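Peer 1:
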Amino acid sequence: MNLNRNLSAPPIESSRRKHSTRKHLDIHNIPLQKTPAVREIVGYVSRRLYIVHFYLTRLTIISDIMSCLAISSIILMIVENELTFNCIDNQDTKVSWSIKLIITITTIILLALILYYHYLNMKFYAFRNSIRDWRVQVTSVKIFSIMIEFLICSIHPMPRSYPYINPERINSTSFSDPYSLSYTAIDVGLGLPMFLRLYLLGRTIKIHSKMIRNPPLRLVGYLNHVTIDPFFLIKSYLLHRPMKCFLTIVTLVFLIGSWSLRACNYTSTREHVSMSDSMWLFVVTFTTIGYGDQYPSTYCGRSIATIIGLSGLSLTAIYTAILSQKLLLNREEKYVHTFVLDADLHKIFRNQAANVIQFAIKDLILKRQNKLTSIESFQVQRRLFQSILAFQTARKERNNLIHSCAGFRELMNVQHHTNEQNKQTMKQIENIQNEIKEIKDKFNNLNNNMNILLNKLNGILNFETE
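When the letters of the sequence shown are read in order and numbered with full-length UniProt numbering, they come out as residues 1 to 466.
(1) Three or more beta-carbon pairs under 8 Å between the segment 216 to 224 and the segment 237 to 247, yes or no?
(2) Taking 7 Å as the limit between beta carbons, can you name the residues of its chain near Lys100, skipping five residues before and five after?
(3) On the three-state DSSP scale, how would you describe Tyr199?
(4) In the DSSP assignment, find the unbroken alpha helix (DSSP H) run with His240 in it and report its ends.
(5) In whole angstroms, what is the alpha-carbon distance linking Val283 and Arg58?
(6) Less than 7 Å separating the beta-carbons of Thr106 and Leu83?
(7) How long is the line joining the alpha carbons of residue 528 and Tyr44, rounded to whole angstroms?
(8) For His53, does the three-state DSSP call read helix, strand or coil?
(9) Can you find the residues in the same chain that come closer than 8 Å, C-beta to C-beta, to Pro31, ignoring five residues on each side of it along the sequence?
(10) Apart from the five residues on each side of it in sequence, which residues of its chain come closer than 8 Å, Cβ to Cβ, to Met1?
(11) List the residues that DSSP assigns as beta-bridge partners of His272.
(12) Going by the C-beta, is Ile71 closer than 6 Å to any heavy atom of the ligand ZN?
(13) With a floor of 4 residues, list each alpha helix (DSSP H) that falls wholly inside the segment 366 to 446, ordered by position along the chain.
(14) Asn29: buried (16+ other C-beta within 10 angstroms of its C-beta) or exposed?
(15) Following the continuous alpha helix (DSSP H) through Trp97, name the residue where it begins and the one where it ends.
(16) Am I right that Pro230 and Ile249 are in contact with their C-beta atoms under 8 Å? What's the rounded C-beta distance?
(17) Could you pull out every residue in the same chain whose Cβ sits closer than 7 Å to the Cβ of Ser302, ignoring the five residues on either side in sequence?
(18) What residues in its chain sit with their C-beta under 8 Å from that of Gly312, if we drop five residues either side in the sequence?
(19) Check each candidate in Asn129, Gln294, His208, Gln381 and name the one with the smallest Cα separation from Ser268.
(20) Going straight from the alpha carbon of Ile62 to that of Cys245, what length do you get?
(21) Name the residue from Asn224, Cys87, Asp441, Ile304 whose alpha carbon lies nearest to the alpha carbon of Ser258.
(22) How is the alpha helix (DSSP H) around Gln325 delimited, first residue to last?
(23) By the 10 Å Cβ neighbour count, where 16 or more other Cβ atoms means buried, how is Met138 classified, buried or exposed?
(24) Compute the beta-carbon to beta-carbon distance between Thr104 and Pro163, rounded to the nearest angstrom, for a pair I have assumed lies under 8 Å.
(25) Among Gln91, Ser73, Asn400, Leu120, which one has its Cα closest to the Cα of Val52?
(26) In angstroms with no decimal places, state the Cα-to-Cα distance between Gln381 and Val356.
(27) Go ahead and pull the three-state DSSP assignment for Leu461.
(28) Nearest-angstrom Cα distance between Gln392 and Arg383?
(29) Give me the residue from Met211, Phe124, Ala354 with the minimum Cα distance to Asp133.
(30) Please confirm whether Phe195 and Ile234 have their CB atoms less than 7 Å apart.
(31) If you draw a straight line from the C-alpha of Phe144 to the C-alpha of Arg135, how long is it?
(32) Here's the rule: buried if 16 or more other CB atoms are within 10 angstroms of the residue's CB, otherwise exposed. What is Asp441?
(33) Where does Leu181 fall in DSSP's three states?
(34) In angstroms with no decimal places, state the Cα-to-Cα distance between Tyr179 and Arg270.
(35) My output table needs one value for Val226: the three-state DSSP class, helix, strand or coil.
This is the structure in structure tokens:
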């Protein structure tokens, strides 16, 4: 009674309103025992979506903070080294010592955030895959990867004893003998590995991408056995925005490589090379030219130059692939280009066919005039064979042009058109078979009617004869 009272509808004005209210009543006449289960399922799904959003938000915030700390620590490292480059034996100043202290504090915070990030990531993975305890993922491989990440992010120039007196600056006449090949400043040797912290930018780009934050896209990647990692994202970005990504990578490599060469190379008076000279050395090394006017003066500089040369070869290959992709004709341009070439080949084909007919007739006339051994006959036969060869070549080129124009999309269109024609043919065959069956049925009815009529006529004749 309460259910019917609650479900009573307002007065009905039309038959459409009656139909909709009947559907409404039929839907709500489901047994009440199933309603709590449906509510539990909806609540469970909404709870899981909320927890997934919570984990993704936390991981995004932590990843952004780690990237900011990594970039700021690299900038502080460059500033600190630049302050000590002009001092004797790269000794610390009060300002550089304070900057080192700040770098150490940011490094400690970064290491703590790395641990917390992996902790949240393992809990998130356990929640998505319905694993009871997140500590199941703590394998030897996971521990090794975290240790490598810790090692990369922990290397930094550390503050030593506090400099109560600022060191003297280098003069051009302070030292006459240059540094040895094996010399490398401690702060430079500990500062260059800090550029490896830029891998955190790849993690930030990954976690901000639509393929990670959009559940349907993650499901598509999972069903197709595609791992959405930074390498996959880099390839997808290079596919959609090739020049922007390439210029960004080249600019980063140029700035980092130029400063690294400046930090590792010295002049004969123990001064660091200027930024302009290090940029020039980067360019000639990156492009594998090597004029010889600038060259590395330490083993550290030689190592950096080797890495720059290998990076130049790799990025040159990527640039060649991007340029070849840009030079390819799109579908519309390819059609226009093919149409123009086909028109030219058609003219050649038609002219050579006319030449073949013309020289064949001339050769036939010369045969009838018994001039087969004359010079004119030889010239006509030579031109005839040349025309035949040009005619065959033009026909072959036209056939090749038609085959090269047919791409995957055209083949798909032909297949689709063929399938549609097959469906229509099958429908026509079915209609013909149905019509044949109807004709057979009509002939059977006609035969039965004829038999009945013959029986009646025979009966009438027998009756009359009697």
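Using N, Cα and C, we set each Cβ at its ideal position, and we do this for glycine too. The structure displayed is predicted, hence computed values, not measured ones.
Peer 2: Short version:
(1) At 8 Å Cβ cutoff, the stretches do not touch.
(2) Within its own chain, the residues whose Cβ lies closer than 7 Å to the Cβ of Lys100, once the five positions on either side in sequence are excluded, are Glu80, Pro157, Met158, Pro159, listed in chain order.
(3) Helix.
(4) Per DSSP, His240 belongs to the alpha helix (DSSP H) from 230 to 240.
(5) Between Val283 and Arg58, the C-alpha separation is close to 42 Å.
(6) Thr106 is not a Cβ neighbour of Leu83, given a cutoff of 7 Å.
(7) Absent from the model: residue 528. The displayed extent of the chain is 1 to 466, so no value can be given.
(8) Looking at His53 - three-state DSSP - the assignment turns out to be helix.
(9) Here the model assigns Pro31 a pLDDT of 43, short of 50, so the residue's position is not dependable and the matter cannot be decided.
(10) A caution first: Met1 carries a pLDDT of 37, below 50, which makes its placement in the model unreliable, though a value can still be read off. Cβ neighbours of Met1 within its own chain (closer than 8 Å, five residues either side excluded): none.
(11) Paired residues: Tyr266.
(12) Ligands are entirely absent from the displayed structure, and the ligand ZN is therefore not among its contents.
(13) Segments of the alpha helix (DSSP H) lying fully in the segment 366 to 446: 375 to 405.
(14) Unreliable positioning characterises Asn29 in this predicted model, as indicated by a pLDDT of 42, which lies under 50. A coordinate reading is not provided.
(15) Segment 94 to 128, the alpha helix (DSSP H) holding Trp97.
(16) The Cβ separation is near 13 Å, so there is no contact.
(17) Reading off the sequence shown, one finds Arg at residue 302, where the question assumed Ser. So the qualifying residues of the chain are Pro296.
(18) The residues are Thr285, Phe286, Thr287, Thr288.
(19) For the set Asn129, Gln294, His208, Gln381, the Cα lying nearest the Cα of Ser268 is the one of Gln294.
(20) Between Ile62 and Cys245, the alpha-carbon positions lie close to 25 Å from each other.
(21) Considering only alpha carbons, the answer is Ile304.
(22) First-last of the alpha helix (DSSP H) with Gln325: 299 to 327.
(23) The amino acid occupying residue 138 in the given sequence is Val; Met does not appear at that position. With fewer than 16 other Cβ atoms within 10 Å, it is exposed.
(24) Not confirmed; about 16 Å, so no contact.
(25) Relative to Val52, the option among Gln91, Ser73, Asn400, Leu120 whose CA is nearest is Leu120.
(26) Rounded to the nearest whole angstrom, the CA to CA distance from Gln381 to Val356 is 10 Å.
(27) In this structure, Leu461 counts as helix in the three-state DSSP scheme.
(28) Take the alpha-carbon of Gln392 and the one of Arg383: they are about 14 Å apart.
(29) Here the closest residue by C-alpha is Phe124.
(30) No, the pair does not count as a contact, with Cβ atoms beyond the cut-off.
(31) Distance between the alpha carbons of Phe144 and Arg135: 15 Å.
(32) Within a 10 Å sphere around the beta-carbon of Asp441 sit fewer than 16 other beta-carbons, which makes this residue exposed.
(33) Of the three classes helix, strand and coil, the one that applies to Leu181 here is coil, per DSSP.
(34) Their Cα atoms are separated by approximately 6 Å.
(35) The answer is coil: DSSP assigns Val226 none of H, G, I, E or B.
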